[in-house]
Each structure stands twice: as structure tokens, then as C-alpha cells.
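Take 1 as the starting number for the sequence shown in the working numbering and just add one per residue.
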Amino acid sequence: QPASAIPSAQSLTQKKNNNDHHPHQVLNVSNGSQSGYCVPFWPGWAGHSKVFVPMVIGHRVIGVLYAISSRARPFSAEDRQLLQTLADQTATAIENARLYQEIRQRAEAERTAREQAEIMREATISLVASVDLNEVLDRILTHLEQVVPYQNACIFLWDDDLLHAVAGRGPQVQEKVVGRHYPIMDGFLYQAIDIGDQPLFLINMLLGLGNGDSFPGRMVLPLRVRQRIIGYLTLDNANYSHYSQAETNLAEAFANKAAIAIQNARLFRKLRASHEQLQSLSRRLVELQETERRQLARELHDEAGQTLTGLMVGLRLLEREADNPEAVLARVAELERTTDTVLENIHRLAMNLRPATLEHLGMVAALRQHIKSFNATYRPKAKLEVIGIDDHCRLPLAVETNVYRIIQEALTNIVRHSEATYVDIVLKQDENQISIIVEDNGVGFNAGAIMKTGRLGILGMRERAEMLAGNLSVESTIGVGTTIFVEIPHDHSDSHR
């Protein structure tokens, strides 16, 4: 039966402070006698005498040994000496057991720390050994289970202001969460991590941001790279609702390594995509060069060559008709027309290669001339609006050439693919940049897919914009039309006449 009262802490503290390590006894406790060192025990206690003996290790009291007697007489000196010997031996045994327990706990902690360090080392080696994003995500989930056991785990990554569930383990996660995405306004739980800058613990959490499946405990860890959160790692455990501080610290350290591995894999994917785009652009440039060469050779052969051959035949006929003045005059007039045709064809070929107007009069004049020729040749009617650029204002050669080629390529794409009836072009310069907007009312297309594949000449235009540290974006709606936006950084002071 547990006692309802024990010796007061005040009395024990007082004796400890007084360095009084001798036995003390109380007589006739059941009759209400108080010594100041104890208070009554449980009701109905029949004892008359009580002695307590401090258990001392060095100068430190670690406990008290109590002895209770039902006889109405004090404990003898021999009794107290025996109890003191027993208390000393008990104190030594307790202290030895405590030290042994501390040694075992320390050894266990060291063993656990070594195991955790080895797990983290193996995980780090494994994560940095691959730069394939899907493989890195799979390895993260594999090693995470060794770090902190879980029933379900999921990796969420931010991309285009959406939180994408890119990988997961566990039946509920794989079936109901992986592959989904969540707008930023739905990620209130994850915004709490952003604000608090630490792991978030949730009790009875609905699985996957609210689809009806509940887990007692969830830990949400931020995936942080250089103080920027790129995503989150979630762990669900059905067995308990609380993660220990050691588990939390280990999981957080692992999440930091996982974030670096993910970022490296994403950067490598972007680098590989850029390399593939560069290769595609190089192939396309070679194809365009070969196409232009074939077209130039064909036009020189079919048009200029044949016309010059006709001119040569006419000159020979002119020699034969030298004695007939009227025939000579008619032949000369015909040869003049033939010569004009040759000159016009050669001029057109030269304009297609690089318009002389661009060299001598500048970008705006060349664009106006190109659009005039475009409207005379093709069905879509183009209109150019120039804002902030004088017709005679000259810009750096690279800017003029690439802006001209971007608009030229955009018009070529419209003719080939859009089935548009009109094209509006806005060319604007302010203090900081040059802006280009090309809008048509054509059939439209899937802009996201086209921007990734680089088809329809988009890749070439984007590369030209990036050569000038600019950017190109496309908005398109099927059945409505397409708008191309180009922004090129430019200091107005660089303009010259």
C-alpha cells in the first residue's frame, strides 16, 4: 500500500545542507509525535518508532533508507549501525548499477550514432552517384526508410507555382497522391513550414492534402537549397503520432542531402535539355543553310541562268541583224528588258540573304520594306507599329540583325502554319528594353508542347533573343490565334544615328 506522506523535502534538504549524514529516528509517530523530520504515513499505521538513514556517495546524498518498528522503544545504537552499514552497501550497489546503466546507455548511443552516420554516409554516396532525377527520387525514398521508418512517404517539388507529387512509397500515396499537383493557395500546410523554417508535425493528417485517408502522425520536412525551399518530404506513420527529437534531427539532415541531390539532378536535366536544344539548333541551322543554298542554286540556275542565256542568244542575234536598224532597235529593247529582269532577280536574292536596307537605312526601314513585300506576296496582311524608335535611329548591329530576323521568322511561321488573315506587329523601345509583339488570328497550337520541342521556328527565335540576354514567350489558343512576346534588355544610350 503506497504511503500518503513521506519525509518532507525541506527536512532532507536541511540535513544535506548541514552535512548531517547520520541516522535519525522518531518515536511514537502513531501518537502524533513530530520531530520536524517527517510527517504521518498512511492511515492505520501501527508503528511507534522510525529511523531513516541517509545513503551517501562521497558527499552526495542519493537516497534514504527507512526502518519502522512497531515496538514503543527507540532503535538501539547497534540497530542504527547495522542500518548505516546496510545503507552504505545499498548506496554503493545503486551507484554501481546507475554507472553501469549510464555506460550501457552511452555505449548504445555511440553505437546508434555510428549506425546512423554509416546510413547517412551510404545514402550520400548513393544520392550523388546518379544525376537522373527519377533514379535520385527512388533512391531518396529507399534510404529514407532506413533513416526513419514509415508506412507512406511522398516527395513534393515546386514547379511553375504548382506543388507536384513526383514520387512516393506506400499504397495510399502511390495510388492517390503521386502524379497530382496542387496550386500554391492549396498548400497552406507547406506555407506554415516556409514561415516557421522547421519541420511540421501533424496529428490525424488527411493523406495527400485532403482526400479522406487519415494517418495518426505525419512529419513534413522542407527540401531546402541555399535558403530556398524547392519542395517537401512527407512521412506518414500509422503506429504512432509522435516522432522523437533524434528521429526528427536525422530526418532533417537527410532531407538537406536529398534536396541537394534533387537540385543537382534538375540542373543536369536542364543542362542536358539545353545541350539537346543546342544540338537541335545546330542541325536546324545546317539544314537551313543547305536549304538556302539549294534554293539559291536553283534560282540562279532556273531564273538568272536562263535569263542570262537568253541575253547571250539575243546578243548573237543582234550581230546578225546589224544591217537592219529596225530589227536592231527592237532587239536592244528586248535585251534591256531581259537585263532588268536579271537585275531584279539578283536584287531579290540579295534581299532575301541580307537586305541592303538593313545595312544602310537601319532596322525600322528594313522591316517596313519587308512587310510591304510580305503583304504583296502572301495572304495574311501584316501591320507594323513602331513606338519609341525613329526610322533613322540606328541600334547596335547585333540588335538590329536579330530583331529583324525574329520578326522575319515569325512571319514565315505564320505563312506556313497559322492560316491567319491578319498579323499585328508592335516594336517598342523604352529606356531599358526593346519589346516585340507579334499577334495573329490563326489556328493556334499547344504553346507548352511547342516551347519544349522547339518546333515551328520557336527555338531559333528564342536563341536569337537569348543571344541578346533577352527572353521569348508564346501564348496560343487553338482556334483563336497566337501571340509572341520578346523582351531584349537595351540601354537607350546605345542607340546612334
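Don't be surprised by glycine CBs; every beta carbon is placed ideally from N, CA and C. Every value quoted in this text rests on a predicted model; they were computed, and no experiment measured them.
Opening and closing residue of the alpha helix (DSSP H) in which residue i lies
i, result
"F254", "Q245 to E299"
"Y100", "A77 to V128"
"G310", "Q306 to R320"
Whole-number beta carbon distance between residue j and residue i, since they are thought to touch under 8 Å
i, j, result
"D138", "A167", "7 Å"
"I56", "A67", "For clarity, residue 56 is Val in the given sequence; the question names Ile instead. That pair is no contact at about 17 Å."
"V147", "L233", "Contact flag wrong, Cβ pair sits at about 11 Å."
"L459", "R284", "7 Å"
"Q506", "H490", "Nothing can be reported for residue 506, as the shown portion of the chain is limited to 1 through 497."
"G442", "I414", "6 Å"
"D440", "A465", "Actually they are not in contact, since the Cβ atoms of D440 and A465 sit about 19 Å apart, beyond 8 Å."
"L367", "L384", "6 Å"
"R169", "L141", "5 Å"
"G481", "G444", "6 Å"
"A327", "E321", "4 Å"
"A265", "V131", "5 Å"
"E502", "I62", "Limits of the chain in this structure are 1 at one end and 497 at the other, which puts residue 502 out of reach."
"Q84", "V64", "Not really, about 12 Å apart at Cβ, beyond 8 Å."
"L296", "L349", "6 Å"
Collapsed DSSP secondary structure at residue i in the structure displayed
i, result
"D424", "strand"
"R331", "helix"
"R416", "helix"
"V225", "strand"
"V64", "strand"
"N471", "strand"
"G362", "coil"
"D138", "helix"
"P325", "helix"
"G448", "helix"
"G212", "Below a pLDDT of 50, predicted positions are generally treated as unreliable, and G212, at 44, falls in that range; no measurement from the model is reported."
"V173", "helix"
"G457", "coil"
"V403", "helix"
"V131", "coil"
"V342", "helix"
"V148", "coil"
"A3", "Residue placement at A3 is poorly supported in this model, since its pLDDT is 35, which falls under 50; the coordinates still yield a value, given next. Coil at A3, not helix or strand."
Paired residues, beta bridge with residue i - DSSP
i, result
"Q429", "I434"
"T482", "D440 and S476"
"C154", "G168 and T234"
"L411", "Looking at the DSSP assignment, L411 forms no beta bridge with any residue, so it has no partner."
"Y182", "L163"
"M55", "G63"
"E487", "S435 and N471"
Assigned exposure category for residue i - 16 Cβ within 10 Å defines buried
i, result
"M467", "exposed"
"L223", "buried"
"S244", "exposed"
"T401", "buried"
"D236", "buried"
"V313", "exposed"
"N204", "With a pLDDT of 47 at N204, under the threshold of 50, the predicted position of this residue should be treated as unreliable, and no value is reported."
"N152", "buried"
"P183", "exposed"
"L472", "buried"
"R364", "With the sequence shown as reference, residue 364 is identified as Val, and Arg is not the correct amino acid for it. Buried, because 16 or more other Cβ atoms sit within 10 Å of the Cβ of V364."
"I498", "The first residue shown for the chain is 1 and the last is 497, placing residue 498 beyond what the model contains."
"A129", "exposed"
"I498", "Nothing about residue 498 can be reported from this structure: the residues present for the chain run from 1 to 497 only."
"R331", "buried"
"I478", "exposed"
"H360", "exposed"
"V286", "exposed"
"A255", "buried"
"I488", "buried"
"Q279", "exposed"
"S76", "exposed"
"L427", "buried"
"T307", "buried"
"P355", "buried"
"R272", "exposed"
"A410", "buried"
"S418", "buried"
"I103", "exposed"
"L315", "exposed"
"Y150", "buried"
Opening and closing residue of the beta strand (DSSP E) in which residue i lies
i, result
"A382", "K381 to I387"
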